[in-house]
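In terms of our numbering, the sequence shown opens at residue 1 and continues consecutively.
Working notes, beginning with the structure itself.
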Amino acid sequence: MWNPRLLLAASMATLLLAAPSAPATMQAPALRPGEGFAITLGDGEVRAYGEARKEAPMGSLAKLLWMRLEGSEWSSRGVRYTCKGTAGSFTCWNHEGHGRVDVGKALRESCNLAFLAWIQDAHARWKTDYGEAAARARMEEVFAPFLGSRLPPGEALPPLTPAWVGDGDLLRTSPEAFLRWLMEPDKAEVVTFGKRFLASFWVEVQDLFGKEGWWFKTGTAPVPGDPSATSAWVAGGRGSALVVLHLPRGRGKQEGMTRIREILGLKD
Ligand SMILES: [Zn+2]
């Protein structure tokens, strides 16, 4: 039986004793068919289980890419948006609308319209500040690992569509690939935003990590070839640990959170 308490304890003990060559022993978590899970304990090692290398549409994890690009700008400017459920040709997944949101609430509740509005502003600002070709290069730098060859060639910014905030299957990743992305040093800010905006009060091994709670970003994504189905994503972390989970079916907020809590052994 995989026990995250022992696993984290073993790893933290290793770090505290400054003996990084002694590997933390662990057994695989009990995953269901089709699930993929990847974890790092902050030691640079990635442990991948189940379908951790299988690529799928990334859903709202795409909003973390935007936090990498614009999070500090939006946060320092204190952007706000009032989501009424529709805006022009765009609709939010929450047809009732999210009401007034700031960056933290838009990220927590995955408000597509708020992100689209702020992205539209960002695109206009980039074009003015350094021209369209450089603006596109800036976007490609962050999005390339998730685009495959699906970005039309050229020097223009791609048209702004809900695909850029995780609708459809333009942006794809796997649990392991997304974990490795989050682990890159220049993504530290994304993790900081997660801790700041998405942390919960689920506390485990408190004596090792202090009072810091887990943060989780959930996502719901389409299932290619099955229009009636959705799949679920959860990315998150605590302290220097990071995890990414994908379920072949389900919605991130419900099924994804239930499973990550089971897998990590978290209590309410
Ligand atoms: Zn909304």
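All C-beta atoms, glycine included, are put in the ideal place defined by N, C-alpha and C.
{"Check": "Tell me whether the beta-carbon of Val190 lies closer than 8 Å to the beta-carbon of Met67.", "Outcome": "yes"}
{"Check": "Using a Cβ-based criterion (distance less than 7 Å to any ligand heavy atom), does Ala114 qualify as near ligand 1?", "Outcome": "yes"}
{"Check": "Is Gly97 near ligand 1 - that is, is its Cβ less than 7 Å away from at least one heavy atom of it?", "Outcome": "yes"}
{"Check": "Give every residue of the same chain whose Cβ lies closer than 8 Å to the Cβ of Glu96, excluding the five residues on either side of it in the sequence, and list them in chain order.", "Outcome": "Gly85"}
{"Check": "Sorry if obvious, but does the Cβ on Ile39 come closer than 7 Å to a heavy atom of ligand 2?", "Outcome": "Here the bound small molecules are ligand 1; ligand 2 is not part of this structure."}
{"Check": "In whole angstroms, what separates the C-alpha of Ala30 from that of Arg53?", "Outcome": "17 Å"}
{"Check": "Would you check if the segment 72 to 86 and the segment 150 to 169 touch, i.e. whether three or more CB-CB distances between them fall below 8 Å?", "Outcome": "no"}
{"Check": "Does Leu157 come out as helix, strand or coil in the three-state DSSP assignment?", "Outcome": "coil"}
{"Check": "Per the DSSP calculation, Gly99 is bridged to which residue(s)?", "Outcome": "Cys83"}
{"Check": "Can you give me the Cβ contacts of Pro222 inside the same chain, cut-off strictly under 7 Å, excluding the 5 residues immediately before and after it?", "Outcome": "Pro57, Gly168, Asp169 and Thr230"}
{"Check": "Determine the burial state of Gly172: buried for a count of at least 16 other Cβ atoms within 10 Å of its Cβ, exposed for fewer.", "Outcome": "At residue 172 the sequence reads Arg, which differs from the Gly that was named. It counts as buried."}
{"Check": "Which value, in whole angstroms, describes the spacing of the CA atoms of Arg196 and Lys217?", "Outcome": "12 Å"}
{"Check": "What does DSSP give as the partner residue(s) for Thr230 in the beta ladder?", "Outcome": "Pro222"}
{"Check": "Counting C-beta neighbours from all protein chains within 10 Å, is the total for Pro227 16 or more, i.e. buried, or is it exposed?", "Outcome": "exposed"}
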